[in-house]
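Novice:
Protein chains: 2
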Amino acid sequence: MTKMHKENNLTKNQQIVLDLIEKSTEPVKAYSILSNVKKKGMKAPPQVYRALEKLIKVGKIHKVESRNAFIACKNTNCEVSNATAFSICQACEKVTEIVNSKLSKYLKSFQDSTGMKYKKYNLEFFGLCQKCKSK
Amino acid sequence: MTKMHKENNLTKNQQIVLDLIEKSTEPVKAYSILSNVKKKGMKAPPQVYRALEKLIKVGKIHKVESRNAFIACKNTNCEVSNATAFSICQACEKVTEIVNSKLSKYLKSFQDSTGMKYKKYNLEFFGLCQKCKSK
DNA sequence: ATTTAATTTGTTATAATATAACACTATGTA
DNA sequence: TACATAGTGTTATATTATAACAAATTAAAT
Ligand SMILES: [Zn+2]
Ligand SMILES: [Zn+2]
Ligand SMILES: [Zn+2]
Ligand SMILES: [Zn+2]
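As they're listed, the protein sequences go chains A and B.
Counting from 1, position 58 in the first sequence corresponds to residue 179 in my numbering; the numbering is continuous, with no gaps.
Counting from 1, position 2 in the second sequence corresponds to residue 123 in my numbering; the numbering is continuous, with no gaps.
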């Protein structure tokens with residue numbers, strides 16, 4: 122069969138899932154993805170979770186751990202997903218990826234007392250967004 | 122009935138769950154807690170999850186989001202759980218709470234470009250611990 | 001071109017994590 | 001007492017995620 126993807130090296134299923142996540146303005150949950158891609162032929166959870174796993178690996182998306190949801194990367198694939206930071210509104214659940222080079226430099230060079238060297242971090246900030254704050 | 126707790130204001134179930142988590146040297150999963158407290162009379166998931174919720178609220182324990190597991194606070198209840206940082210070994214899954222005032226000061230005062238003010242953060246670092254690094 | 005290895009797929013089933021709902025009990029305060 | 005708040009025990013169910021396996025596809029190597 123011919124190649125099934127656009128200009129990158131994603132497979133058909135991976136591209137379907139990525140397209141859906143990129144179109145969304147909010148984090149998307151795995152089973153919401155599943156129900157939305159059934160019309161495209163993806164029928165079962167493993168198909169979705171496999172695509173998600175690959176997309177995370179290549180840095181196209183991130184998992185928002187505290188929400189069990191997935192969001193498209195807005196930051197040049199976050200050096201393959203090893204340095205992620207999010208801002209989460211506790212009222213409306215809006216999630217934004219934080220792009221801040223000072224923060225990422227600080228965290229990438231962080232050394233704890235045990236001398237452990239980190240390869241990766243994930244940071245989630247919680248609060249109220251402008252909109253919710255002014256209500 | 123008489124008071125069911127030790128010197129704090131935890132209930133019997135909350136204290137049972139806290140004792141178990143504090144005794145553990147590694148993060149504990151909810152269903153592992155459940156199976157270990159059945160002999161103490163806690164029989165169903167909601168009993169465990171309610172205790173966990175309260176313990177998190179008062180800062181006695183934290184949830185390690187990327188692992189869906191719970192760990193006792195080692196840091197004066199982290200100002201009621203609003204500023205947490207963990208070091209996670211990707212090989213042996215050892216998890217340590219990071220106590221570092223420079224880091225917490227930096228993150229507590231962090232301001233992003235949207236002007237959103239944060240009430241809470243959770244940071245998870247991933248890498249190899251000393252032991253696993255030298256293998 | 002044929003073999004090989006690595007990856008991805010489709011599928012069924014099931015595991016693991018977490019919450020809803022409801023009647024009831026305990027506790028603290030007025 | 002009466003009231004409000006919080007916690008309990010229980011059953012059922014919702015949500016999130018993975019195991020396992022046969023088949024198909026792809027990339028690379030001979
Ligand atoms: Zn990113
Ligand atoms: Zn908001
Ligand atoms: Zn703590
Ligand atoms: Zn280790």
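Ideal placement from N, C-alpha and C gives every residue a C-beta, glycine not left out.
For the alpha helix (DSSP H) holding L224/A, just list the boundary residues, first then last.
Specialist: S222 to K229
Novice: Tell me, please, which residues DSSP counts as bridged to S208/B.
Specialist: T217/B and F246/B
Novice: Sorted by chain position, which residues of the same chain lie with C-beta nearer than 6 Å to S187/A's C-beta, five sequence neighbours on each side aside?
Specialist: Taking C-beta separations shorter than 6 Å and ignoring five residues to either side along the sequence, the partners of S187/A in its chain run E245, following chain order.
Novice: So does K229/B have its beta carbon nearer than 7 Å to some heavy atom of ligand 2?
Specialist: no
Novice: For A190/A, write down the residues that DSSP places opposite it in a beta bridge.
Specialist: Paired residue(s): V185/A.
Novice: Smallest Cα separation from N243/B: which of K161/B, S208/B, C213/B and V169/B?
Specialist: S208/B
Novice: Of all Cβ atoms in chain A, is any one closer than 8 Å to the Cβ of F246/B?
Specialist: Yes, its Cβ sits closer than 8 Å to a Cβ of chain A.
Novice: For L139/A, would you say it is in contact with chain B, using Cβ-to-Cβ distances shorter than 8 Å as the test?
Specialist: no
Novice: Determine the closest residue to K160/B out of V138/B, D233/B and S230/B, with distance taken between C-alpha atoms.
Specialist: V138/B
Novice: Which term fits P148/A, buried or exposed, when burial requires 16 or more other beta carbons within 10 angstroms of its beta carbon?
Specialist: buried
Novice: Could you list which residues in chain B have their beta carbon closer than 7 Å to that of C250/A, in chain order?
Specialist: M237
Novice: What residue range does the alpha helix (DSSP H) around L141/B cover?
Specialist: K133 to K144
Novice: Suppose contacts are defined by Cβ-Cβ distances below 8 Å. Is E174/A in contact with C194/A by that definition?
Specialist: no
Novice: Anyone know if the C-beta pair for S202/B and I177/B falls short of 8 Å?
Specialist: A distance below 8 Å separates the beta carbons of S202/B and I177/B.
Novice: For ligand 2, I want to know if C250/A counts as a neighbour, meaning its beta carbon is within less than 7 Å of at least one of the ligand's heavy atoms.
Specialist: With a cut-off of 7 Å, the C-beta of C250/A is classified as near ligand 2, since at least one heavy atom of the ligand falls inside that distance.
Novice: Would N196/B and M163/B be called neighbours here (beta carbons separated by less than 8 Å)?
Specialist: no
Novice: Kindly list, in the order they appear in chain A, the residues whose Cβ is closer than 7 Å to that of Y227/B.
Specialist: Y227
Novice: Quick one: which chain B residues come within Cβ less than 9 Å of N243/A?
Specialist: Here the neighbours are E186, S187, N243, L244, E245, F246 and F247.
Novice: Run through chain B and tell me which residues come within less than 8 Å of K240/A, C-beta to C-beta.
Specialist: Q211, F247, G248 and L249
Novice: Quick check on K226/A: buried or exposed, where buried means 16 or more other Cβ atoms within 10 Å of its Cβ?
Specialist: exposed
Novice: Along the alpha helix (DSSP H) that carries A172/B, what are the first and last residues, could you check?
Specialist: P166 to K178
Novice: Show which residues of chain B have a CB atom less than 8 Å away from the CB atom of L224/A.
Specialist: F231
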